[in-house]
Amino acid sequence: MRTVGPAVHCRHADRVRVVRRELRAPPGSWPLHPHRHHRCHVLDGRALAGAAHHLPAPRCAHLLCSGRERQRRLRGDLPQGTAGGCRADGTQRQPVQRRARQVHLPVGEGRARVRRLRPDLRSLPGRPRALAPGAVHSAAARLTPPPKPGCVAAVLPWRPVPRIQSTAVPDSLTPELDQQAISLIRGLAMDAPFAAKSGHQGTAMALAPLAHVLYSRVLRHDPANPHWPDRDRFILSNGHASILQYSLLFLSGYGLSLDDIKQFRQWGSATPGHPEVGHTAGVEVTTGPLGQGFANAVGMALAERHLRGQFGGDVVNHHTFVLAGDGCFMEGVSHEAASLAGHQQLGNLICVYDDNHITIDGDTALTYSDDVAGRFEAYGWHVEHLGEIADHCDALEQALLRAKAVTDRPSLLILRSHIGAPSPDLTDRHEAHGNPFGAEQITRTKAVMGIPDEPFWAPTAVVEAYRSHTAGRGAAARAQWQQRFDAAALDQAVWDATWAAAGLPGWEAALPIFEHGEKIATRVAIEKAFNASLEGVPSLVAGAADLTGNTGTKLAGQVAATPDALAGRQVYYGIREHAMGSAMVGMALHGGVLPAGGTFFVFLDYMRPPVRLAALSGAKVVFVFTHDSVGVGEDGPTHQPVEHIATLRAIPQLQVIRPADANETVAAWRAAVAHDGPTALVLSRQNLTVVTDGSAVVTGAGIVLDDPQAQVVLLATGSEVSLCVEAAARLATDGIAVRVVSMPSWDRFEAQSAAFRQSVLP
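Okay, so the sequence shown: first residue is 2 according to the working numbering, each after it adds one.
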C-alpha cells in the first residue's frame, strides 16, 4: 500500500472538505497533470475505502464515484474499510448504471464547480441530464480509449472501441512530428497575438491537437488545389480563434508564410483578425459573429447533399466539419440551424463542440446551464461525449472517424477542453480568452512544452515534413477523385454552369416578357422567372421561411429537398429566417448552388447578420424580400416595412434592386445571375401596372416617361413608379410637362458615367 497524492478538493455550502486517499497503484501509474503540476486521481467508490485523514487541499483533483456515497464518505459517515459497492452492514448494494464521468475541478470557482461533479443535480453545458436507474445515455456506449501518460484525466469504466481504419493516404506523421507540430501551433498561437497586441490565443492553444488531427489525418483536402470541388470543408465558427486556422494553413502549405503569421491582425495582411473567405486560401467562410459559421456549415452540408443527388456519389461525396464553442451555441441562430440540420438528417455534417466553460466575462456558469447534449439529441443529432481527450491525437482521430461513419444524422462531438493549455498559470482562466499572454507567461508556457523561448519558433524540418505529408495525402485523394470524375462522363457544360452558379448559353431566351398595361405583382413575376430558368440555370435552388407561395419562391414540378430526395430543388426552411439566410450563404460559398430564399421584407430584421456577411464574403445569394411597402395594408404597421430599404442600401457590396414592374423584375433576376455577389430583390405584394421594358435595371436608372419640355422630374423606385406615371398624366392636364425616371438600383446607377447620369437626371 502506498499513499498517492493529497486527495479530493470540493466545495459545498462554502466549506472545503479534503480527504486523503490511500490506494493501491503501481509506481508511476499516476500521470502528472500538465496544467497544475500535481498528481491527478481517478477514483471510484471502492477507491474511497481508506478515506479518513484531512490534508490541505490541492489546486485540482479528479473524482469519479457515486453521488450519495461520495458525500457520505466525505463526511466520514461510512466506516473505514467499507467497499464502494457495499453498505455499512456489509450487504451488497444494487448497482446503478451510470455514464462514465470526467471531472475537472479547479479551485476557486465555488458552487458552480461542485455542480459539475453532479450532473444529476444540475445540467451544465455538455453535461447529460439526470439518468433514471438503469438508463443509459445514448453516447455511453461510445467511450474513449484509456489515457496515455501525460493525459489530463481518465474515464472509468472503460471498454475498448474497435479501431476504424482511416482511408487517408499515406500514413500519418510520426508521434514525434505530431508533438512538434502541436507545440509549433501553440507557440504561434501565443506569439502572434503578443506581436499584434491583441488576439485570442486560449482556444487555439487548447485545440491545437484537434486541428492538427483534422488537417493531417481526417480532412480530404489538397493545399495545391484549394478549390477542388470534392474537398471536405472546415469552418471555424468561433472565428476569434483564427490564429489556429492560420497556423494549420501555414503548416499545410496553403500559401501562408511565416511572415504572414507575423503580420497577424495587421492592415492588409493575409491573416486578419477573423477568417475571411476569398482573402486567405483555405478559408471557406467568413466567420466572427458567433453562431454564423455553424449555420453556414448546415448550408454547406445541404449543398453537398444536393449535388451528390444531382451528379452521383462517385463525383460528390464529402463532409463538412465545423468547430463551435459555448458562444456559438448561446446564439439563437444555432438553435434554428441545428433544428434544421437534424430535421434534414444531414449525415455529412460533423460539429466539434469546444466545451471549455469559459467566456470573456468568466466561467460559463455565470450565464449558461443548457443541457447541450440533450438539446442536440432532441434535434435528432448523433451526440458523443469525448471527455478529456483534447491532447490525444489517436483518440481524436478515432472519434472523428466514428462520426464520419454516422450517415443518417448530423454528429455533435462534445470535447472537454481547457482554454490556454498548457499554460502553468492561465489554463482554464477567462484571462486566457481574449488577452494576449505577456512575455513571462509565454516563456513559462514554452518551458512546459519543451520548445525554445524564441518568437515564432517554426523549425524548417517540421514545416517541410508537414507540407510534404499533406501534399501527398491531398494529391492522392484528388487523383482518385479525378479518375472517378472522368469515368462518370458527366455533361461538362452543366457541370461548369452549376459550379459557376451561372446559366447555360442562351438561358435568357426562356425568360418571360410582359405587355405594357398588364397588372401583375412583382413577387408573382419573380416566380415566373424562376420557373422559366429551371433548365437554363441548373444550380438554382429556391425556398422560403414558411412563405414559399407568398414570396414567389415556389418551383413548379420540383420536389422538396429531403433525405429521400437528395437532388430536390425546393427547400423548406421553416420559420427560421436567420438560419435560412446563414444556410444560403453556406450553400453559395460551398459552390454548385445558386440559392434563392424568400421572406417578407419586414422580417429582414430577423436575418440581417447573414445578409451583411454575404456582402462581406461575396456569396452569390439571391435574397427575395416581398410585401415591401405600406401596400401590405391590413396587416398593419408591424408588417409594413418603411426603413428597411434604406438599411439594405447602406450595406456595401450588396446589390439591391427594387423593380418597378414585372419586366424590371425579370431583368433583375438576369442581373442577379450575372452578378458575382449577393443580390436583394425587393418586391411587391400588390399588383403593379407594367410601365417599363426592364432596361433601366442594366444601368440602374432609366427614363420611363418623357416630355421634351419637361419641367419636373419624378424619380421613384419599385411600386411608386407606376404611381408617378399616373401623377404625370394628371400634371399634364394642368400643363406641367413631366419626366418619370425609374431607379431600381442606386448602386448600378452610381457606377455609370457622369454623362449618362446627367442625361437621366439633368
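In this text, a Cβ means the ideal position worked out from N, Cα and C, and glycines have one as well.
If we define contact as Cβ-Cβ less than 8 Å, is residue i a contact residue for chain B?
| i | result |
| --- | --- |
| A522 | Here chain B cannot be found, since the structure has a single protein chain. |
Apart from the five residues on each side of it in sequence, which residues of its chain come closer than 7 Å, Cβ to Cβ, to residue i?
| i | result |
| --- | --- |
| R221 | R232, D233, H319 and A478 |
| F457 | L189, D192, L259, I262 and K263 |
| V622 | M585, V586, A589, P596, A615 and P679 |
Between which two residues does the alpha helix (DSSP H) holding residue i run?
| i | result |
| --- | --- |
| I443 | A440 to M450 |
| R234 | No alpha helix (DSSP H) contains R234, which is instead part of the beta strand (DSSP E) from R234 to L237. |
| G294 | Q293 to F312 |
| N532 | T523 to A533 |
| S630 | No alpha helix (DSSP H) holds S630; DSSP gives it neither H nor E. |
| F750 | W747 to E751 |
| V761 | A755 to V761 |
| S253 | S243 to S253 |
| A433 | E432 to G435 |
When DSSP labels each residue in this structure, what does residue i get in the three-state scheme?
| i | result |
| --- | --- |
| H344 | helix |
| T499 | helix |
| E727 | helix |
| Y784 | This structure does not reach residue 784, given that the chain is present from 2 up to 763, and the question cannot be answered. |
| P596 | strand |
| G475 | helix |
| T360 | strand |
| L259 | helix |
| V622 | coil |
| L505 | coil |
| W159 | With a pLDDT of 28 at W159, under the threshold of 50, the predicted position of this residue should be treated as unreliable, and no value is reported. |
| D492 | coil |
| G283 | coil |
| V765 | Absent from the structure is residue 765, since the part of the chain shown begins at 2 and ends at 763. |
| A717 | strand |
| L706 | strand |
| F330 | helix |
| F601 | strand |
Kindly list the residues whose CB is nearer than 8 Å to the CB of residue i, restricted to its own chain and excluding five residues on each side of it in sequence; keep chain order.
| i | result |
| --- | --- |
| L245 | I186, A190, T204, A205, L208, A209, A212 and L237 |
| Q759 | none |
| E277 | V284, T287, L617 and S618 |
| L762 | A702, V714, L716 and V742 |
So, for residue i: in the same chain, excluding its five sequence neighbours on each side, which residues have a beta-carbon less than 6 Å away from its beta-carbon?
| i | result |
| --- | --- |
| S754 | none |
| L732 | V739 |
| F757 | none |
| D748 | none |
| I658 | A669, L682, P745 and S746 |
| A1 | The structure shown does not extend to residue 1, since the chain is modelled only from 2 to 763, so the question has no answer here. |
| T700 | Q753 |
| L427 | G421 and A433 |
Thinking residue i and residue j are a contact (beta carbons under 8 Å), I'd like their distance in whole angstroms, please.
| i | j | result |
| --- | --- | --- |
| A620 | L590 | 5 Å |
| P230 | S253 | 19 Å between Cβ atoms; not a contact. |
| V594 | I646 | Actually they do not touch by this definition, with Cβ atoms about 27 Å apart. |
| S618 | V334 | Wrong, their Cβ atoms sit about 16 Å apart, outside the cutoff. |
| A298 | V323 | 4 Å |
| S792 | A498 | The chain is shown only over 2 to 763; residue 792 falls outside these bounds and no answer can be derived. |
| P642 | F602 | 4 Å |
| A404 | L347 | Going by Cβ atoms, the distance from A404 to L347 rounds to 12 Å, so no, they are not a contact pair. |
| V705 | V722 | 6 Å |
| G326 | H431 | Not really, about 13 Å apart at Cβ, beyond 8 Å. |
| A557 | T666 | Between T666 and A557 the Cβ distance is about 17 Å, and since that is not below 8 Å, they are no contact. |
| G592 | W500 | 5 Å |
| G375 | C329 | With a Cβ gap of about 17 Å, G375 and C329 do not count as contacting. |
| A566 | V560 | 5 Å |
Quick check on the DSSP output: the beta strand (DSSP E) that includes residue i runs from which residue to which?
| i | result |
| --- | --- |
| I658 | Q656 to I658 |
| N226 | Segment: none, N226 is in no beta strand (DSSP E) and carries neither H nor E. |
| A545 | L541 to A545 |
| F322 | T321 to G326 |
| V742 | V739 to S743 |
- Quick one: complete alpha helix (DSSP H) runs, 4+ long, within the region 562 to 591? 578 to 591
- Which runs of the alpha helix (DSSP H), 4 residues or longer, sit entirely within the region 168 to 223? 176 to 197, 203 to 207 and 209 to 214
- Sequence ranges, beta strand (DSSP E) only - wholly within the region 371 to 416, length at least 3: 383 to 388
- Segments of 4+ residues assigned as alpha helix (DSSP H) that fall wholly inside the region 639 to 702: 645 to 650, 663 to 675 and 697 to 700
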